[in-house]
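Asks: Before anything else, here's the structure in question.
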Amino acid sequence: TALPLDLVSAIQELKRELNAVVLAHYYQESEIQDVADYIGDSLGLSRQAASTDADVIVFAGVHFMAETAKILNPNKLVLLPDLEAGCSLADSCPPDQFAAFKAVHPDHLVISYVNCTAAIKAMSDIICTSSNAVQIVQQIPAEQPIIFAPDKNLGRYVMAQTGRDLLLWDGSCIVHETFSERKLIDLKVQHPEAEVVAHPECEPTILRHAHFVGSTTALLNYTQQSPKQAFIVATESGILHQMQKQAPGKTYIPAPPTQNCACNECPYMRLNTLEKLYTAMKERSPEITLPEEVRVAALKPMERMLEMSA
Ligand code: 13P
Ligand code: SF4
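Going by UniProt numbering, the first residue of the sequence shown is number 10, and it counts up by one from there.
Okay, structure coming up:
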């Protein structure tokens with residue numbers, strides 16, 4: 010497809026033509042965030058997907074997020090600009106291995122972090138996100154054993170917050186495991202005025218330095234409302250765009266990765282571009298599809314999450 014010169018106007022035009030809504034995660038590149046109708050964390054995006062009256066959902070995020078939108082909206086066209094936009098955390102939990110793990114612990118309730126495939130959701134009792142994981146685990150009776158999958162770092166954080174023992178799946182996110190504690194300590198010494206804020210997908214060695222831990226939306230809100238003027242931000246660096254936009258006078262320093270690289274950018278999230286977003290809308294493809302039995306099974310734990318975090 011030949012690309013129009015003014016991609017942003019062309020995307021706005023296609024939104025009207027298709028009655029489409031563009032939902033974007035904070036880890037998308039700035040240009041995509043600026044063209045979106047709604048930007049949010051995984052819980053906010055799920056809520057938007059559950060309530061939209063658009064005919065087409067263009068999901069500027071990764072595959073499991075677009076799949077979640079499809080689980081909630083079987084009759085809508087759900088587009089993902091690049092189908093290769095996966096997730097290391099979702100990949101760290103293959104369905105056959107998880108089914109075997111679950112079979113060994115039949116008395117356990119399965120709570121899965123939304124960063125997993127529809128097949129894993131279909132095997133789960135309740136889904137959670139980084140913004141409601143603690144709240145959901147607290148609602149489960151103390152005597153009920155729980156499997157928590159797939160992120161062991163979020164799982165360990167929830168264990169520390171709730172005092173509950175969780176049986177953890179050994180998965181993690183490559184982006185949030187990239188931060189160096191030694192370099193973070195150096196940076197704290199250089200910027201004693203700055204507060205560290207971190208996403209719970211980070212390792213405990215990073216979280217122990219954080220003044221505040223939360224989902225992307227929670228980190229954004231915290232930095233806006235805090236009287237502090239400087240922050241070291243331990244999550245994917247895409248979030249800095251909204252932080253700068255909403256409180257431009259403050260200083261935001263990305264937490265340093267171990268290697269000298271841009272590895273605090275999610276390589277999957279960054280596969281989406283404004284060009285691919287336009288092309289997906291123009292061609293109404295690539296679209297997310299799901300076998301109906303998987304979708305129905307994955308919907309139940311999603312609905313439980315939405316009820317339990319109302
Ligand atoms: P939240 O935006 O829900 O905090 O999720 C972070 C993340 O890693 C998404 O892939
Ligand atoms: Fe997955 Fe991590 Fe990328 Fe989020 S940041 S999409 S958890 S790989």
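Every residue gets a Cβ at the ideal spot worked out from N, C-alpha and C, and that includes glycine. Since this is a predicted model, take the numbers as computed values, not measurements.
Assuming contact is defined by CB atoms lying nearer than 8 Å, are I145 and I129 in contact in what I supplied?
Replies: no
Asks: G49 bridges to which residues according to DSSP?
Replies: H34
Asks: Taking its Cβ as the centre, do 16 or more other Cβ atoms sit within 10 Å of Q251, making it buried, or is it exposed?
Replies: buried
Asks: Going by DSSP, what residues sit across from D160 in a beta bridge?
Replies: G180
Asks: By how many angstroms is the C-alpha of P209 removed from the C-alpha of R217?
Replies: 11 Å
Asks: Checking the sheet assignment: what are the DSSP bridge partners for S246?
Replies: For S246, which the question treats as bridged, DSSP gives no partner whatsoever.
Asks: Looking at the strands, I want to know which residues DSSP matches up with A207.
Replies: Beta-bridge pairing links A207 to V222, A243.
Asks: Apart from the five residues on each side of it in sequence, which residues of its chain come closer than 6 Å, Cβ to Cβ, to E40?
Replies: L283
Asks: With a cut-off of 8 Å on the beta carbons, I'd call G223 and S121 a contact; round off their distance for me.
Replies: Incorrect: roughly 20 Å between the Cβ atoms, too far for contact.
Asks: Which residue from D50, L86, A151, P103 puts its Cα closest to that of A131?
Replies: P103
Asks: If we count the other Cβ atoms within 10 Å of its Cβ and call it buried at 16 or more, is G172 buried or exposed?
Replies: G172 should be labelled exposed.
Asks: Is DSSP giving T260 helix, strand or coil here?
Replies: strand
Asks: Please list, following the chain, all residues that have a C-beta closer than 7 Å to any non-hydrogen atom of ligand 2.
Replies: Y36, V71, C96, S97, L98, A99, N124, C182, I183, V184, H185, E210, E245, C275, Y277, M278
Asks: Verify the contact flag: T232, CB atom, against every heavy atom of ligand 1, threshold strictly below 7 Å.
Replies: Flag unset: Cβ of T232 not near ligand 1.
Asks: Are the beta-carbon atoms of H34 and L54 separated by less than 8 Å?
Replies: For the 8 Å CB-CB criterion, H34 and L54 form a contact.
Asks: On a Cα-Cα basis, can you pick out the residue from F221, G247, P90 that is closest to Y166?
Replies: F221
Asks: Report whether the distance from the Cβ of L229 to the nearest heavy atom of ligand 1 is below 7 Å.
Replies: no
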